[in-house]
Each structure stands twice: as structure tokens, then as C-alpha cells.
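Numbering (the numbering used here), first residue to last: 73 to 247.
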């Protein structure tokens with residue numbers, strides 16, 4: 073199983089759940105095609121190309137789904153990475169990350185850790201104008217995390233938890 077297949081499965085579920093809740097969503101790619109922003113013409117939509125593309129969109133929030141890895145197979149858990157800085161058009165990045173984290177905890181997803189990370193400087197969270205979170209859903213290098221990430225039921229529960237966290241923030245009036 074490729075990381076991109078897991079990411080896309082969860083992203084598609086999240087997209088469906090958010091649309092069902094009444095949100096308008098934009099996917100940066102569908103697993104086959106990428107927007108015409110492939111400036112390197114290598115059929116890879118790099119982080120820097122995604123930032124340029126995303127910054128042309130009129131969006132309130134960006135969420136990016138990823139699978140983590142580590143040389144130490146004991147490292148596990150879900151990380152929600154965000155960054156609040158002067159580029160952002162609002163101050164929602166941390167608040168939405170906290171809302172998603174709370175929703176994951178409420179749904180009692182079997183994750184060893186559900187950690188908010190603001191100290192990582194990632195292009196998608198740092199350079200985009202919209203509030204943003206990059207969610208590392210687990211570690212492919214950890215046996216328990218890898219098994220969870222391959223489970224369609226767990227994927228659906230995670231997508232629902234992320235959608236609920238986003239919805240709780242926007243419907244909660246903190247924005």
C-alpha cells in the first residue's frame with residue numbers, strides 16, 4: 073500500500089463528509105490529475121507548488137493529510153501541525169487544530185498520542201494565507217499505527233473526527 077493511497081482515501085472521505093455538512097471544498101488533486109500548477113512539469117505537485125496554487129484560492133481553511141515515518145519504530149501517534157504567523161489572513165490555525173484534536177479525543181480513536189505541533193515549519197502551514205493544518209495521521213514505521221491506517225473503519229472515523237472538528241470551529245462562533 074502506498075502512502076498516497078491512504079492519504080487519498082481519508083481525504084476523499086473527509087471531502088464527502090464536509091460537503092454533506094454543507095461546506096464547499098476544493099481538492100488539490102484527485103490521485104490521478106494535478107492542477108496546471110505543476111511548474112516543474114514533472115507530474116509531482118510539490119509543497120511549494122501547492123502553496124502557490126492554494127494562495128490563489130479564496131478559502132478559509134486548508135487541511136493536508138499525510139502519513140509520518142521515523143527511524144525508531146516505537147514512535148507513534150497522530151500529529152496535527154499548524155503555524156500562526158503574519159502571512160495568515162486570520163488567527164484560526166491554532167484554534168481549528170485544537171478543535172480537530174478535541175474531536176479526535178471525543179471519538180476515542182485508538183491513537184497513542186494526539187499531539188498539536190506548532191514548532192514545525194512546514195511550507196503548507198507556514199506559507200499559505202489561509203489558516204492551515206497538516207495532519208500526520210500516524211507512523212507507517214510503527215506496526216500498530218500502520219494497521220490502524222489500513223483499516224477502512226478507522227479511516228472513516230478519522231475523517232468524521234476531522235470534519236466534526238472543523239464544523240465545531242466554524243459553527244462555534246470562534247471565528
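For every residue, glycine included, the Cβ atom is placed at its ideal position computed from N, Cα and C.
For this session: On a CA-only basis, which of 154, 90 and 78 is nearest residue 167? Give me that one, please.
Result: As a first step, residue 167 is located in the chain shown; it is residue number 95 there, counting from the start. For the residues 154, 90 and 78, the minimum Cα distance to residue 167 belongs to 154.
Exercise. Just curious, the alpha helix (DSSP H) that residue 226 is in, first and last residue?
Worked result: Working through the chain shown from its first residue, we reach residue 226 at position 154. Residues 224 to 243.
Exercise. I think residue 139 touches residue 214, with their Cβ atoms under 8 Å apart; what is that distance to the nearest whole Å?
Worked result: Stepping through the chain shown from its first residue, residue 139 is reached at position 67. Stepping through the chain shown from its first residue, residue 214 is reached at position 142. In fact, because the Cβ distance is near 11 Å, the residues do not count as touching under 8 Å.
For this session: Check whether the Cβ atoms of residue 147 and residue 199 sit closer than 8 Å, and answer yes or no.
Result: Within the chain shown, the letter at position 75 stands for residue 147. Within the chain shown, the letter at position 127 stands for residue 199. Taking 8 Å as the Cβ cut-off, residue 147 and residue 199 do not qualify as a contacting pair.
Exercise. Alpha carbon to alpha carbon, what distance is there between residue 145 and residue 96?
Worked result: Start at 1 with the first residue of the chain shown, and residue 96 comes out as number 24. Start at 1 with the first residue of the chain shown, and residue 145 comes out as number 73. Those two C-alpha atoms are separated by around 38 Å.
For this session: Pick helix, strand or coil for residue 174, following the three-state DSSP scheme.
Result: By one-based count along the chain shown, residue 174 stands at place 102. Here residue 174 sits in helix by DSSP.
For this session: Can you give me the start and stop residues for the beta strand (DSSP E) that residue 140 sits inside?
Result: Here residue 140 is taken as the residue at index 68 of the chain shown, counted from 1. Segment 133 to 140, the beta strand (DSSP E) holding residue 140.
Exercise. Ordered along the chain, which non-local residues of its own chain (more than five positions away) have a Cβ less than 8 Å from that of residue 131?
Worked result: Mapped onto the chain shown, residue 131 falls at position 59. Correct list, in chain order: 98 and 202.
Exercise. Among 227, 128 and 241, which one has its Cα closest to the Cα of residue 83?
Worked result: Counting from one through the chain shown, the residue named residue 83 turns up at place 11. Of the listed residues, the one whose Cα sits closest to residue 83 is 227.
Problem set entry | Buried versus exposed, by CB contacts within 10 Å (16 or more), residue 236 | Position 164 of the chain shown, counted from the first residue, corresponds to residue 236. By the neighbour-count rule (16 or more Cβ atoms within 10 Å), residue 236 is buried.
Problem set entry | Test item: CB-CB of residue 181 and residue 196 under 8 Å | Looking up residue 181 in the chain shown gives position 109. Looking up residue 196 in the chain shown gives position 124. Taking 8 Å as the Cβ cut-off, residue 181 and residue 196 do not qualify as a contacting pair.
Exercise. Quick one: Cα of residue 285 to Cα of residue 141, how far?
Worked result: Here the chain has residues from 73 to 247 only, and residue 285 is not among them.
Problem set entry | Integer Cβ distance of residue 165 from residue 241, believed to fall under 8 Å | As a first step, residue 165 must be located in the chain shown, where it is residue number 93. As a first step, residue 241 must be located in the chain shown, where it is residue number 169. Not really, about 11 Å apart at Cβ, beyond 8 Å.
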